[in-house]
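Encoded as structure tokens, the structure appears first; notes follow it.
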Amino acid sequence: MADGAESVNEKTENFPDVLGKEVEDVFIERADHDFHYKTLSWQFVSLLMIAEIVSNGLFSLPSALAVVGIVPAVILIAFLGIFGLFTAKLLIDFKLNHPNVHTMGDAGFIIGGPIARELLAAGTIIFAICGTGSELLSGQLALQSLSNNGLCGIAFLGIFSAATLVVALPRTLGRLSWLGLLSAMTITLSGIVAMIGAGVNPTPGRVLNATIPANFYQAFLAITNPVFAYAGMFFILISEMRRPQDAMKAAWLLQGFSTVFYVVFAVVVYVFIGNTVASPALLSLSTKWAKATWAIALPNFLIGGGLYAHTAAKLIFVRVFRHTRHIYTHTLLGWTVWAVLCFAAVGLAFLFVVAIPIFSYLIGISAALFASWYTYGIAGFFWIHDTKSVNGELSRRPVMFILSVLTILAGAFICVAGTFVSVKLIIAAHESGIIGKPFTC
């Protein structure tokens, strides 16, 4: 056993169900540890979140304006940004109250026991793998566009998956922090290039609408991307911060940047292309500008996929080895399990993309089932649990209690409506014959 490992050589898990009980942080910091997890600043946490989040929703947003019009779409994006900031505050407060919470599964144990723990942990893994697959699909499309379909799509997917695995392999998020900066820069620059491309080649005779009447299905389909783009992995990131107390600063930067950039990008591209804008919007650009945008965005897809795969692997790795020497020191078992978990996360995402023709639609279903709760609904449960544990009377804070209940109801609505829309999309795709076959280029 490595020197200094005695204090962490026994696996111990201790999840409190009331506030005030002294518990260990999920990660213990000692000078003689080989791995130091608590290294992230709030600035880099926000950049890692931008790397994971912004690329998933950005390029589909202009098509939302084509469905509901400029005014409703902008109001909705702004509202979701503010709402996401509110729920982030509830999530962060819960994490600070319970320092041993590393994932949604740990939080689920506190508020709902073992069943809630397993359900929320499984949901996090499923969503992270689907997020990995989404980034792999984006990378595949970028490589195909840049090469004029020079290789079979599966070959491009395999190449991009191998590169994604390399990004996911570092054991601590601190090792990936500078990649977060690169990713945020590239997705921002790609959005700017796309706006320039739309501006220099505007669609002649384009039609623009301030508002457009739409039925529920059309309207909710249009907002699916901005809604689900805010789903994040706050607990895992906060657990590796030097000062978790600064997490709200990261949330402000994340939501402020993403909301403003979403609005600017969506409006500019829509104004120059009009109601014929495609989803993703890059398909409506000229070949030259589309390729330039794909090329610049490629590192973001790569880093975002690596972060999602890292998240899925980290959840299981910490669950298995929490407070053992395999977490903190170089051991053959620790590295073997970690490498296998990362490979499994990327490998499963790769297999789902090539083997399941409706995988792109399953991403929407996973977001509806899990991201709607992780980003919005479950935060209300966290506030109610901790407030009740402190003073036993929720009536002392009636406004926050009402907002928390409304947050829960909003999460439930987005979950049910999002699942309905995703299933209807799959049915429509089958009926129109656009569903491809597995393992084909």
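Residue numbers (full-length UniProt numbering): 1 to 441. Think of the CB as a built atom: it goes at the ideal place given N, C-alpha and C, for glycine as much as any other residue.
- Among the bridge pairs identified by DSSP, Leu40 is matched with Met241.
- Here the alpha carbons of Phe301 and Ser138 stand approximately 6 Å from one another.
- Judged by their CB atoms, Gly133 and Phe352 are nearer to each other than the 8 Å cut-off.
- By the Cβ test, the segment 378–389 is not in contact with the segment 418–437, since fewer than three Cβ pairs between them sit closer than 8 Å.
- Judged by pairs of C-beta atoms under 8 Å, the segment 177–186 does not touch the segment 316–327, as fewer than three such pairs exist.
- Exclusion of the five residues before and after Thr293 leaves Ser190, Val193, Ala194, Leu282 as the residues of its chain whose Cβ lies within less than 6 Å of its Cβ.
- Bounds of the alpha helix (DSSP H) holding Cys130 are 104–147.
- Asn100 and Leu237 have their C-alpha atoms some 13 Å from each other.
- In the DSSP assignment, Asp93 falls within the alpha helix (DSSP H) that extends over 70–97.
- Per DSSP, Phe370 is not a residue of any alpha helix (DSSP H), being assigned neither H nor E.
- Ile50 sits away from Ser284, with the two beta carbons spaced by 8 Å or more.
- Taking 8 Å as the upper bound for CB-CB distance, Val346 and Ala78 are not in contact here, some 35 Å apart.
- For Pro398, the enclosing alpha helix (DSSP H) stretches over residues 398–432.
- In its chain, beyond the 5 residues on either side, Ser161 have a beta carbon closer than 6 Å to the beta carbon of Phe350.
- Sequence-distant partners of Lys249 (beyond 5 residues in either direction) whose C-beta falls short of 6 Å from its own C-beta, in its chain, are Trp42.
- Residues Ile154, Leu157, Pro438, Phe439 of the same chain have their beta carbon placed closer than 7 Å to that of Val354, with the five preceding and five following residues left out of the count.
- Apart from the 5 residues on each side of it in sequence, Ala31 has no Cβ closer than 7 Å to any other Cβ in its chain.
- For the set Gly364, Ile414, Lys89, the Cα lying nearest the Cα of Gln255 is the one of Lys89.
- Within the same chain, and ignoring the five residues on either side of Gly174 in sequence, the residues whose Cβ sits closer than 7 Å to its Cβ are Thr39, Leu40, Glu240.
- Contact check for Val167 against Gly306 passes: the beta carbons are separated by less than 8 Å.
- Cβ-Cβ distances below 7 Å link Thr419 to Ile365, Ala368, Leu369 in the same chain, with the five nearest sequence neighbours on each side left out; the list follows chain order.
- For Tyr328, the uninterrupted alpha helix (DSSP H) run begins and ends at 325–328, by DSSP.
- Arg175 sits in a helix when the DSSP states are folded into three classes.
- For Ala379, the number of other beta carbons within 10 angstroms of its own is at least 16, and it is reported as buried.
- Classified as buried, Pro299 has 16 or more neighbouring CB atoms from the shown chains inside 10 Å of its CB.
- Burial state of Leu333 is exposed, judged by a 10 Å Cβ sphere holding fewer than 16 other Cβ atoms.
- Of the candidates Ala142, Val71, Cys415, Phe265, Ala142 places its Cα closest to the Cα of Ile296.
- Residue burial is scored here from C-beta neighbours: Cys415 has at least 16 other C-beta atoms within 10 angstroms and is therefore classed as buried.
- In this structure, Leu120 lies away from Ala128, with their beta-carbon atoms at least 8 Å apart.
- Fewer than three Cβ pairs drawn from the segment 326–345 and the segment 405–412 lie within less than 8 Å of each other, which leaves the two stretches out of contact.
- In this structure, Tyr376 lies away from Pro62, with their beta-carbon atoms at least 8 Å apart.
- For His310, the enclosing alpha helix (DSSP H) covers residues 287–321.
- Judged by their CB atoms, Ile53 and Ser183 are not nearer to each other than the 8 Å cut-off.
- Rounded to the nearest whole angstrom, the C-alpha separation of Leu48 and Met185 is 11 Å.
- CA-CA distance, Ala247 to Phe35, rounds to 22 Å.
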